[in-house]
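> Under this note's numbering, think of the first position of the sequence shown as 79, with each following residue one higher. The following block contains the structure, expressed as structure tokens.
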Amino acid sequence: MNFNTKIFTKIERITKLMLFVGLFLVTSQSQTWAQNKVLVNNATVLSPDNRYISIANYGPTVDNPNNALLVDNNYATLYAQGGIEVLGIEIGGYEGVIELEFPSDVPKDTWSYVRMDDDTGLLDGLLGGSLGDLLTGLLDNLLLGNQEIVIDARDGTTSVLSRSSESGFNTPRVKVIQDAAGHNYLAIRPDAKYDRLRITHKKSATLDLGGEKELKIYSAFYFDGTGEECGRPFGTSFDGDDGIGLSLIEVGDQNLNYAIDNDVNTFSTLKPGSLVDVNIASTLRQNFYFSTPSNIDNTLNIKIALGSAGVVNANLLGAIQVVLYDEDANIVYTRALQSSLLNNTDALGLLTSGAPITLTFAPGISYSSAAVELVSPIGAAVLGSGIKIYDVQRYDGTSTCINLQIAAIPSATISPLDTPSCASTLLDFENVDFPSYAVDGNNETYAVLNADSGNLLTSGASIGYVQMDLGNVGADQITYARINYDEDILDRLAGGSIGMLVSDLANGLLLGDQYIEVEAFNGSTSVLNLTSQDAFGGPDGDTTGNVTVVQDNIGRFYLAIKPSTAYTNIKITNHVTALLPTGKQSALHVYDACFDIGVDPCFEANFTAPRAGGLSLSVGDLDNAGVTDPYKAISENSSDFSTINLGVAGVAAWVYQSVYFTQPSQTGDHVKVRLAIGTSQLVDVDLIGTYAIKFYNGNSLVDTFTLSSGLINSLDLLTLIQTGGSVTLDYVPTGIFDRVDVGIESLVSVGVESPSMRLYEVTRYNESSCPIVITDSPFQESSCLSKIVASENADEVANLLDDDFDSYATLNSEGAALWDGSDYEGFVEMGYDQDVAAGVTSYIRVDFEEDILEGLTSGSLGNVVSTLLDGLLVNVLLLENHYFTVDIKHNTYNTSGDVTASTIIATASSKDASAGGNNMIRVVQDAAGRYYIAVTPDQAYNAVRITDTTDSSVVLPIDFIKDGPNSMNVYGMCTELLSTERCIDAFATSYEMSGLNISVDAVGTAGVTNMERAIDGNTTNYSEISNGTLGIGTSTKQWIFFTTISNDTDSVLVKLDVDGAVVNANVLDDGLEIKAYLGNVEVAVLDFSATGLLNGVDVVDLLNGVGAVELNFKPGVSFDRISVGTKYSVLNASVFPPIRLFSVSRVCGSGLMITNPMIYQKVD
């Protein structure tokens, strides 16, 4: 491969002066009101001056009425005294009446608030809503003295809504609430316009106990904004129903306002007290009132803790619910705490310890109030010490109202479809967080469909669904809905009938019978309804159509929905059922739903899935049956492959991998299939016959071919396969097709195992209209080798200079038998026309023994593992001492281009790599999983030599047989020029381990798995970084390499979470390490400090939550690589849990912030 022969001679730094305006500092958010507070502007006293002062001396029944026109701590006072009733006539009593007028009409259904206080505790009792009678009944009658408050909303002289405290202020239109400062308000919401409020304070004449009473009126107002409120609720109250037993001590000890004040460390307490009757179910709730309805994209954070530490399980957590209400007090959203946490053991552990946790809700529907409920079922008292509520805040997502618990909306990524037409309207949804994300046109945001099997104590089963409008879609047109689900479930669903068989054998009840239901509708008429309980009816569905779980070329999962009749919308439902309602739950992510309206006949294969049949085996037999990593057969990495395995099966069993094209083929189309057959045993002619290639148009079979019929130039297939290398086959089907199946059928006797098949490529092309497209280079502005300096025992070296990134030269080597001395090695030396500066990396793409390459990407760990295994008869330096050597050189050439002098700057061998790794020569992987030798010398260079060797020097019985032949592939050598686009995605990754006392057993659980997934663009994939059981003094880190140097204003967005343990500040500071480097020099480290705070945000709290955290690390200096990993001091024996690294991306000129993921559920 060769892309650009231009070369640069030094690293250049382009310095730009950047002015940053509007730095957004994230701090604790106080109440913010986008709307105005409209005050009353006129006060009229309507009661006479008949307040008894002394004999023949009477005064006003309302003092200082104009004090009620301002918002301060001054007040008007309304006096009331009960008289004596004689013959039905009250004598000697008086009441205070004030009328407060607004400057203009107040619209109907608008809340008005009157701040007031009394001297008896009546309002505190009425704050209990429907519990008001119980609470006021607890108060001393001498204190209350039959005191009564009446509020009357009026339009001029006409009353539009009136309510008395004797009837209770517990309706959807009249209530008593308390603000953050602990002030009480009487709130009213008439269903007609009004312009004034009349407040009456009086006492009963029948029994006047306690003497004169006072009612203080501070202010009255309403808010004139709608739907733009950001921050904490304006007010709060509590409520309950039958079965609650409360005492005055418990009421006074609740501190309701602490849940909505500006201090996130204070809390209200919600506790049921003693139950009046355990045979009556009871509910106690704290209500939170916002001054206006939310918009539909609003999110809500609630920070809570259990009242005391202790054993908690999912059923007990199910007794705590969050409920949202509209303006008319109708329930619009309910979520048990159990469903919000989804059995995340870390969160449960944190709650059990008594520490608080912040929960995020995104209901996708407008709401005006929220409640945290504590539910006690019949015959049980749960969480007797109650719960603590620290904070409640609402966010509208605008630039000034950002929810830090939710990630910024990610950028959309490239669709696997040619021209996608996606659902843009939600028809219906239930039990869903972020429902609008399923139809927002962004394939990286997602709705979360929540479902659970119910709770033994408090609740029944629930489902979550979204119904999306697609417009008019024709019969047999496939809609692809991108999803993410529990990993085990997805693997089973993607395995088709194999997955269902494994599920059945593993006892579906243990899995909670978790399944997906897919419905398609034409208008309101259902035209398809299939569920994953039976693998959507099998590979071909039923007469109404079929649903298949497929993957695209980077491994993202989709539901491929294909109704057999026209349709207009689809509904996707998440279910969990169980024999008993034990709290099993799941969260299904739905990203989008799209069908392809493109017409490009050359559009490449974009989806794949396994298909199988005829299997009826045990779990042990099925372990080897199926398709592993199917998406790799259509990925951009030509070195990668899926593995198709039938295992040991009876006659008529089969396993295929289906490769789908969104457009039907053209006449004359070819299909190129590159594959290899495993050589764990000799392959004979009969076994070759078990492999087949099939072509389909929809579900109709078009052609069936053997492997031999795809050979070019009549080559000997059996000989080619027995070499263990890949074979390229070419087919020309006789009819139109849109699907190719490659696989194995059991045609021989039972008990004979067909070797597995490695499928590298399935490509459709047409010699006249759709020629084979060469793979694009992953470099942005590359400079590649310009000459072959030398080569020996190397085939197809000219490929190194062509424009095909997937073409390669093959280096051959062979070890000698002891008696014939016939060993040889192969090499190629690649050169640049000009010197490459010191510190600039060149990447040489290679194929080698995959196990060796995988070990070498681990740097020092690869060396340790090699050392531990070296000398063992079963594994002599990882596969027959086949190794390669890298020499970085600086050559001098004469005018004819011949080398006249050469200096080796650095050298390294995969056999003898130095302990601790080699900073100049590494093995890395790119985002597609391709392997490279990365050379970064500390001197200028202009050539690199790669040598392949098979060494037979170790005298073992097996060495009396000639070793080899062996080979390695070299694709080319390139470096990235100083691109004008410095925000290039991370190019490559590797990892490294260092530390004390590393043993074979310990290494077995340590390292980084699937490391390329941290940079592959699939946001549902992750690498996992773990120290295993290595313990004190060890460190594991994953390297992320960029091909360009950042500016000092750039940052790196690192998305990660931790698995399996509760993290505290000390463990975080001593366990998680993120660093930036320029070349091999460390330039910055992310400091979490001993408090676990970063930029004022509690990282510990986020990591102990239920999803990934995004850290935007700004080193403040130039860098070209970072590391993410674990560290352990010799003094601290605490164990940091494995790190799941989802993505690493460079952000240019950004600030610092930390967020949680857009939603927090995952399946237990």
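C-beta atoms are modelled at their ideal positions from N, C-alpha and C, and glycine is treated no differently. Computed from a prediction, not measured in an experiment: that's the story for all the values here.
Note down the Cα distance separating Thr621 from Leu807, rounded to an integer number of angstroms.
Position 543 of the sequence shown holds residue 621. Position 729 of the sequence shown holds residue 807. If I take the Cα positions, the gap works out to 35 Å.
> In this structure, what does DSSP give as the bridge partners for Val628?
For the purposes of this step, residue 628 is identified with residue 550 of the sequence shown, where counting begins at 1. Beta-bridge pairing links Val628 to Tyr636.
> Between the alpha carbons of Ile227 and Ala407, how many angstroms are there, rounded?
Translated into the one-based positions of the sequence shown, residue 227 becomes position 149. Translated into the one-based positions of the sequence shown, residue 407 becomes position 329. Taking the straight line joining both Cα atoms gives about 23 Å.
> Which two residues bound the contiguous beta strand (DSSP E) that contains Gly318?
Position 240 of the sequence shown, counting from 1, holds the residue named residue 318. Its beta strand (DSSP E) spans residues Gly313 to Gly318.
> Cα separation between Thr497 and Thr740?
Within the sequence shown, numbered from 1, the residue matching residue 497 stands at position 419. Within the sequence shown, numbered from 1, the residue matching residue 740 stands at position 662. C-alpha separation (whole angstroms): 10 Å.
> Measuring alpha carbon to alpha carbon, tell me which of Met835, Gly692, Phe614 and Val1002 ends up nearest Thr1014.
Reading the sequence shown from its first residue, position 936 is the one you call residue 1014. For the residues Met835, Gly692, Phe614 and Val1002, the minimum Cα distance to Thr1014 belongs to Val1002.
> Does DSSP put Met194 in a helix, a strand or coil?
Counting from 1 along the sequence shown, the entry for residue 194 is found at position 116. The answer is strand: DSSP assigns Met194 an E or B state.
> So Ile1217 is in the beta strand (DSSP E); what residue range does that whole segment cover?
For the purposes of this step, residue 1217 is taken as residue 1139 along the sequence shown, with counting starting at 1. Residues Ile1217 to Val1225.
> Kindly indicate the opening and closing residues of the beta strand (DSSP E) around Ala979.
Numbered from its first residue, the sequence shown carries residue 979 at position 901. Taken as a continuous stretch (DSSP letters only), the beta strand (DSSP E) holding Ala979 covers Val977 to Ser987.
> Where Phe368 and Arg310 are concerned, what is the direct C-alpha to C-alpha distance, given to the nearest angstrom?
By one-based count along the sequence shown, residue 368 stands at place 290. By one-based count along the sequence shown, residue 310 stands at place 232. In a straight line, the C-alpha of Phe368 is about 8 Å away from that of Arg310.
> May I have the straight-line CA-CA distance separating Phe815 from Gly746, to the nearest angstrom?
Stepping through the sequence shown from its first residue, residue 815 is reached at position 737. Stepping through the sequence shown from its first residue, residue 746 is reached at position 668. Each residue's Cα considered, the two are about 11 Å apart.
> Do you know offhand how far Asn1265's Cα is from Val118's?
Limits of the chain in this structure are 79 at one end and 1242 at the other, which puts residue 1265 out of reach.
> Let me check one thing: in DSSP terms, what residues is Pro498 bridge-paired to?
One-based indexing of the sequence shown puts residue 498 at position 420. Per DSSP, Asp674.
> In the DSSP output, what is Trp189 paired with across the bridge?
The count along the sequence shown starts at 1 and reaches residue 189 at position 111. BP columns for Trp189 are empty, so no partner.
> Using the rule of at least 16 other Cβ atoms within 10 Å of the residue's Cβ for burial, across every protein chain shown, is Glu1160 buried or exposed?
Reading the sequence shown from its first residue, position 1082 is the one you call residue 1160. Glu1160 comes out exposed.
> Name the DSSP bridge partner or partners of Ser736?
Taking the first residue of the sequence shown as 1, we reach residue 736 at position 658. According to DSSP, Ser736 bridges with Ala687 and Asp819.
> Counting pairs of beta carbons, one from the stretch 444–451 and one from the stretch 362–382, are three or more of them closer than 8 Å?
Yes, the stretch 444–451 is in contact with the stretch 362–382.
> My understanding is that Gly615 touches Leu608, with C-beta atoms under 8 Å, so please give their C-beta distance in whole angstroms.
Stepping through the sequence shown from its first residue, residue 615 is reached at position 537. Stepping through the sequence shown from its first residue, residue 608 is reached at position 530. At roughly 5 Å, the Cβ-Cβ gap stays under 8 Å, so Gly615 and Leu608 are in contact.
> How many Å lie between Thr503 and Asn723 at the Cα?
For the purposes of this step, residue 503 is taken as residue 425 along the sequence shown, with counting starting at 1. For the purposes of this step, residue 723 is taken as residue 645 along the sequence shown, with counting starting at 1. The alpha-carbon atoms of Thr503 and Asn723 are separated by roughly 42 Å.
> Can you name the start and end residues of the alpha helix (DSSP H) that Asp569 belongs to?
Translated into positions along the sequence shown, residue 569 becomes position 491. Unbroken alpha helix (DSSP H) run through Asp569: Glu565 to Ala572.
> Using CA coordinates, which residue listed in Ala448, Arg363 and Pro434 is at the minimum distance from Tyr403?
Taking the first residue of the sequence shown as position 1, residue 403 is located at position 325. Closest option to Tyr403, Cα to Cα, is Ala448.
> Using the Cα positions of Ile675 and Cys848, report the straight-line distance between them to the nearest angstrom.
The residue given as residue 675 occupies position 597 in the sequence shown. The residue given as residue 848 occupies position 770 in the sequence shown. Each residue's alpha carbon lies about 19 Å from the other.
> Throw me the rounded Cβ distance for the Ala121 and Leu147 pair, which I believe falls under 8 Å.
Position 43 of the sequence shown, counting from 1, holds the residue named residue 121. Position 69 of the sequence shown, counting from 1, holds the residue named residue 147. With a Cβ gap of about 6 Å, Ala121 and Leu147 count as contacting.
> Given a cut-off of 8 Å, decide if Glu1070 and Ser936 are closer than it, judged by their beta-carbon atoms.
As a position in the sequence shown, residue 936 is number 858, starting the count at 1. As a position in the sequence shown, residue 1070 is number 992, starting the count at 1. Contact flag set, yes.
> Looking only at DSSP bridge pairs, what is Glu839 linked to?
On the sequence shown, residue 839 is found 761 positions in, with the first residue counted as 1. According to DSSP, which records beta bridges pairwise, Glu839 is partnered with Arg752.
> Below 8 Å between beta carbons: does that hold for Ile255 and Ser346?
Here the question's residue 255 lines up with position 177 in the sequence shown. Here the question's residue 346 lines up with position 268 in the sequence shown. No, they are not a contact pair.
> Under a three-way DSSP split, which group does Gln611 fall into?
The residue you call residue 611 lines up with position 533 of the sequence shown. Helix at Gln611.
> Excluding the 5 residues flanking Arg267 on each side, which residues of the same chain have their C-beta closer than 7 Å to its C-beta?
Locating residue 267 in the sequence shown gives position 189, counting from the first residue. These residues qualify, in order along the chain: Asp187, Thr188, Trp189 and Arg251.
> Counting C-beta neighbours from all protein chains within 10 Å, is the total for Asn631 16 or more, i.e. buried, or is it exposed?
As a working note, residue 631 is residue 553 in the sequence shown. The residue is buried, with at least 16 neighbouring Cβ atoms inside 10 Å.
> Using 8 Å as the Cβ pair cut-off and three pairs as the minimum, do the stretch 901–910 and the stretch 876–891 touch?
Touching, yes.
> If I follow the unbroken alpha helix (DSSP H) through Glu1151, where does it start and stop?
Taking the first residue of the sequence shown as 1, we reach residue 1151 at position 1073. Element bounds for Glu1151: not the alpha helix (DSSP H) but the beta strand (DSSP E), Leu1150 to Leu1156.
> How about Arg923 and Arg1008: are their beta carbons less than 8 Å apart?
As a position in the sequence shown, residue 923 is number 845, starting the count at 1. As a position in the sequence shown, residue 1008 is number 930, starting the count at 1. Taking 8 Å as the Cβ cut-off, Arg923 and Arg1008 qualify as a contacting pair.
> CA-CA distance, Ala671 and Tyr411?
Mapped onto the sequence shown, residue 671 falls at position 593. Mapped onto the sequence shown, residue 411 falls at position 333. Taking the straight line joining both Cα atoms gives about 25 Å.
> Sorted by chain position, which residues of the same chain lie with C-beta nearer than 6 Å to Arg817's C-beta, five sequence neighbours on each side aside?
Taking the sequence shown and counting its residues from 1, the one referred to as residue 817 is at position 739. Cβ neighbours of Arg817 beyond the five flanking positions: Ser736, Tyr738 and Tyr774.
> Taking just the CA atoms, how far does Phe1065 sit from Val1132?
Locating residue 1132 in the sequence shown gives position 1054, where the first residue counts as 1. Locating residue 1065 in the sequence shown gives position 987, where the first residue counts as 1. So the alpha carbons of these two residues sit roughly 15 Å apart.
> With H, G and I counted as helix, E and B as strand and the rest as coil, what does DSSP make of Ser514?
The residue you call residue 514 lines up with position 436 of the sequence shown. Helix at Ser514.
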